[in-house]
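See below for the structure under consideration.
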Amino acid sequence: METGTVIGWFGLPAGSSPSRLLRTLLRAGYLADPPTVSRYECLFLETQDGRLAKQGYRLSIRQARHGARWNLSGPGGDSEEPFEGGIAFRSLSPEVAGIPSGARELASGRLLIPLVRLRVFDWAIRLQSQSGSALQLRAERFAAAPPGEAWPKGSWSHGLLTVRLLEGDPGEFLHITTYLRDRLGLPGRTGDACGTALQALGIPEPGAPLPANLMLRAEDAQSLAGRKVVGQLALKMRANVKGTLVDLDPEYLHDLRVSTRRLRSALRLFAEVLGPRRCGALRVELNWIAQLLGAVRDLDVFILNLREQAQRLGEAGIIAEILAEELGRQRAPEQEALAAALASRRFHDLMRRLETLASSPPPRDPRGAQGAPVAQAAPALIRRAQKRVLKLGRTIGPDTPAADLHRLRILFKRLRYACEFFREAFTDPGSDSDPLADYILAMVRFQDCLGEHQDAVVAMARIQELAKDMVERGALAPERLLDLGSLIQVQREIVRDRRSRLGKLWAQFDRRSVRRRLAALGGEASSDSRVGEVSGAVSPRGWVAGAAFQP
Amino acid sequence: MRIVFLSDIHANFPALCRALEWAQQNRADRLICAGDIVGHGPHPTEVIRLLVEQRIETILGNVDRKVLSLLESPKKLEKHLEKKAHAPAAWAALALGEAERAWLAALPREIRLTAGGADVWVVHGSPLSDTDSIYPSITAQALAAKLGENRPRVLVCGHSHVPFTREIAGVRVVNCGSAGRPVDGDPRGALAVCDFSSTGRAHCRIVRFAYPVEPVIADLEARGARGILPQEYRAGTTVKDE
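As given, the protein sequences belong to chains G and Z, one line each in that order.
Sequential numbering of the first sequence, starting at 760, is according to this note's numbering.
Sequential numbering of the second sequence, starting at 710, is according to this note's numbering.
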């Protein structure tokens, strides 16, 4: 243990005063400096994927009577910098002037999102143990509210006691925390004031790992595994709804869309054990929200790609910038429609139905597929998805139509999701060995390549259509259309380049060694496991690096 | 007058806390600990500090004595950790600070007191030795042999971890059992409570109290304490280590 990083948290029940706590500790032989007391309001900020907290940091803006300050607390303690301007409940780019450089590095380019705000009564004291070690005890009583919402009635509704070893023997940290737990009966907590507030408000901690009860185990019956996977994905959806609704960071929308997509895939995969009708009905509803999410997300990706290409094209890239601006305008009504859908009773019902399914008890006496443990059932399910990919994948070549490649991409997604759903059940926590890791990585590479190919194919048609429409409306000067050629040429180059890569990427995916490992999943390989071996024609036909392609 | 007797806490802090709470709630006038404060459990320092804080009269047990004897050759402590017979005491010796060691070294081997006119003798094992045990099956002759010429009204002991109270040939024998490491199949801690009347009569009984076992097991594993298996706490028995 390293001094300064040793920290522990306890709940402070209502009615327990810090001064009474201090008197007890003084009787137990601790020496204390006079306490420092302060009151402030603070707003915690975090990236959408929680990268600050994952590295042990919290960033907040603290507003006290003497002014506002940035506070970055972490393993090394607290650092403060002056804050200028008013507190607004919107996302901040880490490049904005005034954000502490430490926080900027931790965020590494991601937007900082307002997470939760607290009104805090803070009491802190420095203690000295009998062996001379220094400890800090901080009692915080606070009220918490989501950003932009009113403070709850009845302030100081939460209490947290933080113990930190400042210097000396780490054993003294253990002694005092044991004393607080067993002698004073303080309940242990797993997080700081921000984490406690998020938990109390039911706001998921960004990027938090899945709760243990949702983790898949090899011995889980399929009926339970299906419920766990639905539970995991419903939780991820829930975590991204609010950020998407308020449009805080495009990543919320992206993650919500991916969770929705995965859920549809999971409901297809587990339909037999979760009830085909129920799963079918849920997929219809997920399809509805997926289309709305896709409409906005596709625009986001398109705009992002155009802006990148505009920079590369220099002077001729102005057309890309103009089109991106137009698409930005088109995005606003799509986002509004999405927000209305996310706030609707229909979506609320969908979430409730998903969560009800996830928390429903699996059948007590499961029969057939329902009772089969994951270790036994998963390999067959994965191989079924793999069979479809191999069947189509081995027929494609440089001249394969874009529609077939798109179809292959969808089949790849299903296979990848099936592997990812079951991945944790086959990961040995002792050795951290993950038999599916290489396979998933090869799939991701191939799928990304197909995705970029598909984006460029769609972009070619969309750019021409959009430009034509803008000229007709008088929003684009006809002479600008001359630059359109170079922008379309960029898309063509992307298509050609991605096609040229596919052969190599396929060979990485369709490897005998990887297929063998997959066949060995869950123990003895069944007859079904030889799916990848039957045709013998492992190499896809006619791949020529850099082959020209005309859509 | 009500006296609560504890013994064999064996570095189990939650158990000691619950025992003290019981004593406070039941208005004990005095608390006495019959030794084996440390060894086996994960909280030797916490237990000693709480005994000091609460000013609980304590005598030395055989495991405490072993800890002190190991401290005489500190260089060998690490080696003793590898030996099964010495590991619990060696781990405790390494975990204790200077102040706790000094307090332990100053403990008496026995306490004699008078309560409500009754003569009370507190030892760890038996009057013969701190490694000698007194079980419920003890005969009057065997007890007489252990007592010698001293015949108190009440003899209080621990060490065997088997709690009982019995009147034998005019002597009330009270074995407190173990507060922190019960082995009689009941995972709850044990203590003895004696009510002394002004006429010299003593009414003694054994009390069992529940304490949270899981934090002890968690600390045992986190701190790497030696000499006891988690299931022994959960079952209140000893388990043969294969």
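Note that the Cβ used here is the ideal one computed from N, Cα and C, for glycine as well.
Helix, strand or coil, according to DSSP, for Z/I757 in the structure here? helix
Would you call the region 1018-1035 of chain G in contact with the region 1049-1059 of chain G, where contact means no fewer than 3 C-beta pairs closer than 8 Å? yes
Give the residues of chain G in contact with Z/G806, contact being defined as C-beta atoms less than 7 Å apart. S890
Suppose only complete runs of 3+ residues qualify. What are the beta strand (DSSP E) ranges in the region 788-825 of chain G, listed by chain order? 795-805 and 817-823
Hey, which unbroken runs of the alpha helix (DSSP H) at 4 residues or more fall wholly within the region 804-878 of chain Z? 807-814 and 849-856
Are the C-beta atoms of G/D1057 and some chain Z residue less than 7 Å apart? no
Determine the contact status of G/D1014 and G/L870, defining contact as a CB-CB distance below 7 Å. no
Mind checking whether Z/R727 and Z/F918 have CB atoms under 7 Å apart? yes
Distance between beta carbons of G/V988 and G/F1180, contact taken as under 8 Å: 5 Å
Give the C-beta separation of Z/N721 and Z/R890 to the nearest angstrom, bearing in mind that I take them to be a contact with Cβ-Cβ under 8 Å. 7 Å
Confirm, please, whether the CB-CB distance from G/F803 to G/L945 is below 7 Å. no
Check whether Z/V916 and Z/Y942 have beta carbons under 7 Å apart: no
G/G788 touches chain Z at which residues, Cβ-Cβ below 8 Å? R758, V761 and E762
Please give me, in chain order, every unbroken run of the beta strand (DSSP E) with length at least 3 that falls completely inside the region 1044-1094 of chain G. none
Should G/A1117 be labelled buried (16 or more other beta-carbon atoms within 10 Å of its own) or exposed? buried
Counting only beta-carbon separations shorter than 7 Å, does Z/E755 have a partner in chain G? yes
With DSSP run on the structure shown, which of helix, strand or coil describes Z/N884? strand
Looking at chain Z, is there any beta carbon in it that lies within less than 7 Å of the beta carbon of G/T937? yes
What ranges does the beta strand (DSSP E) occupy inside the region 900-949 of chain G, keeping only unbroken runs of at least 3 residues that lie completely in it? 917-926
For G/Q1206, count neighbouring C-beta atoms within 10 Å of its own C-beta (all shown protein chains included) and say buried if the count is 16 or more, exposed if not. buried
In chain G, which residues lie less than 7 Å from Z/F722 when you measure between Cβ atoms? T937 and D941
Taking 7 Å as the threshold (C-beta atoms), are Z/I718 and Z/A888 in contact? yes
Using a cut-off of 9 Å between C-beta atoms, extract the partners of Z/D928 located in chain G. L933 and T937
Since Z/L900 is in the beta strand (DSSP E), which residue starts that stretch and which ends it? G898 to F905
Against Z/C726, what residues of chain G qualify as contacts under a CB-to-CB distance less than 8 Å, listed in chain order? D941 and R942
Please report the residue range of the beta strand (DSSP E) in which G/I872 lies. I872 to Q887
Starting from Z/R711 and walking both ways along the beta strand (DSSP E), at which residues does that stretch end? R711 to L715
In whole angstroms, what is the alpha-carbon distance linking G/P1121 and G/V1230? 59 Å
Beta-carbon separation of G/L1109 and G/L1082 under 7 Å? no
With DSSP as the reference, please indicate the residues paired to G/L896 in a beta bridge. G/I884 and G/V922
Cβ of G/M760 within 7 Å of any chain Z Cβ: Residue placement at G/M760 is flagged as unreliable, the pLDDT there being 39, under the threshold of 50; a coordinate-derived value is accordingly withheld.
Would you mind stating whether G/Q895 and G/L925 have Cβ atoms separated by less than 7 Å? yes
Does chain Z have any CB closer than 7 Å to the CB of G/L945? no
Taking 7 Å as the cut-off, decide whether the C-beta atoms of Z/V831 and Z/I820 are in contact. yes
Residue nearest to G/L1151 in terms of C-alpha spacing, selected from G/D1197, G/G1127, G/W1265 and G/C1178: G/W1265
Could you work out which residues of chain G lie near Z/R932, taking near to mean beta carbons separated by less than 8 Å? L933
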